[in-house]
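Working notes for the structure below.
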Amino acid sequence: CILIFGLILLLMIDLTSDQKDTPWLYFISSTSLVMSITALLFRWREEPMISFSGNFQTNNFNEIFQFLILLCSTLCIPLSVEYIECTEMAITEFLLFVLTATLGGMFLCGANDLITIFVAPECFSLCSYLLSGYTKRDVRSNEATTKYLLMGGASSSILVYGFSWLYGSSGGEIELQEIVNGLINTQMYNSPGISIALISITVGIGFKLSPAPFHQWTPDVYEGVRFVRQIPTSISISSQRCLNFSKLHGHAEEKCYPHS
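Read in order, the letters of the sequence shown are residues -18 to -1, 1 to 242 in mature numbering (1 follows the signal peptide of the UniProt record, and there is no 0).
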């Protein structure tokens, strides 16, 4: 809620102010991130909570990744301000992209169903594509964005294909635990469809995480992006996608070995 309120404030200031009040934009974005970290620390060690009809789950494990994402986004802003001011690019859009990407990562950390697990990282990824091509006058930046967008779109398609196999094999369930129960009830946990689903999910997330052998596109993207700006962003992307991978494959083991 704090990040959403910060996004609304940034939009209102950008729309109503004739002369862009840059210090206020920095202050609002940084304050919303710091307040989110503070609220997260106050919630530490509280009981796990499931909300939104089981679609969102909060526990200490998820909060560790949420803290890491918030911290990286907080560091991203001061590291990028000088470069953006020197190149005379729009600062409001940059701050909006950073906060929106952070919001997507926060939602992913608590995602407990296939739809949220797909939509949240896509929100994060779309902002990452835009940030990669933010220096639109730079040819290398344009090339990096094109490759990033194409590979991201391909990996998302493969990931959705794997999700569709899980959805169909479990009898139309989207919540992770309900998928496990559905596969056990339908006796589909050892079927070839589950193998296809796990392979597709592994490949889809693999292209997003870019470990070997899915890393061929990564050097070109990083060469075309401002390095200082991308340090905290890359850490944040890796952390939220590692969490995505651990969630899905943690439940995948239960699907394949439900009685162990």
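Even for Gly, the Cβ is constructed at its ideal location relative to N, Cα and C.
* To do: Using only alpha-carbon positions, find the residue among Leu57, Ile156, Glu29 that is nearest to Tyr8.
  => In the sequence shown, counting from the first residue as 1, residue 8 sits at position 26. The shortest C-alpha to C-alpha distance from Tyr8 to any of Leu57, Ile156, Glu29 is the one to Leu57.
* Just the Cα atoms here: how many angstroms apart are Leu141 and Met31? -> If you number the sequence shown from 1, residue 141 lands on position 159. If you number the sequence shown from 1, residue 31 lands on position 49. About 27 Å.
* Excluding sequence positions up to five away, which residues of its chain have a Cβ less than 6 Å from the Cβ of Leu112? -> Within the sequence shown, residue 112 is the residue found at index 130, counting from 1. Exclusion of the five residues before and after Leu112 leaves Phe79 as the residues of its chain whose Cβ lies within less than 6 Å of its Cβ.
* Asked: How would you call Ala72, buried or exposed, if buried means at least 16 neighbouring beta carbons within 10 angstroms?
  -> What you label residue 72 is simply residue 90 of the sequence shown in a count that begins at 1. Only exposed fits Ala72, as fewer than 16 other CB atoms lie within 10 angstroms of its CB.
* Asked: Among Ala136, Leu131, Leu77, His197, which has the Cα closest to the Cα of Thr4?
  -> For the purposes of this step, residue 4 is identified with residue 22 of the sequence shown, where counting begins at 1. The shortest Cα separation from Thr4 among Ala136, Leu131, Leu77, His197 belongs to Leu77.
* To do: Please look up how many angstroms separate the CB atoms of Ser110 and Gly186, rounded, as I've assumed it's under 8 Å.
  => To locate residue 110, count along the sequence shown from 1; it is residue 128. To locate residue 186, count along the sequence shown from 1; it is residue 204. About 16 Å separates the CB atoms of Ser110 and Gly186; that is not less than 8 Å, and the two are not in contact.
* To do: Rank Val203, Glu205, Thr184 by C-alpha distance to the C-alpha of Pro195 and give the top, closest one.
  => Counting from 1 along the sequence shown, the entry for residue 195 is found at position 213. The residue from Val203, Glu205, Thr184 with its alpha-carbon nearest to that of Pro195 is Thr184.
* What whole-angstrom Cβ distance do Gly164 and Gly153 have, given they're in contact under 8 Å? -> The residue labelled residue 164 in the question sits at position 182 within the sequence shown. The residue labelled residue 153 in the question sits at position 171 within the sequence shown. The Cβ separation is near 4 Å, so the contact holds.
* Take Phe24 as the anchor and find which of Ile51, Pro174, Asn42, Ala179 has the nearest alpha-carbon. => On the sequence shown, position 42 is the one that residue 24 refers to. Of the listed residues, the one whose Cα sits closest to Phe24 is Asn42.
* Identity of the residue in Gly(-13), Ala179, Glu75 nearest Leu15 by Cα -> In the sequence shown, residue 15 corresponds to position 33, counting from 1. Per the Cα distances, Gly(-13).
* If you check the beta carbons only, do Ala126 and Ser107 fall under 8 Å apart? -> Translated into positions along the sequence shown, residue 126 becomes position 144. Translated into positions along the sequence shown, residue 107 becomes position 125. No.
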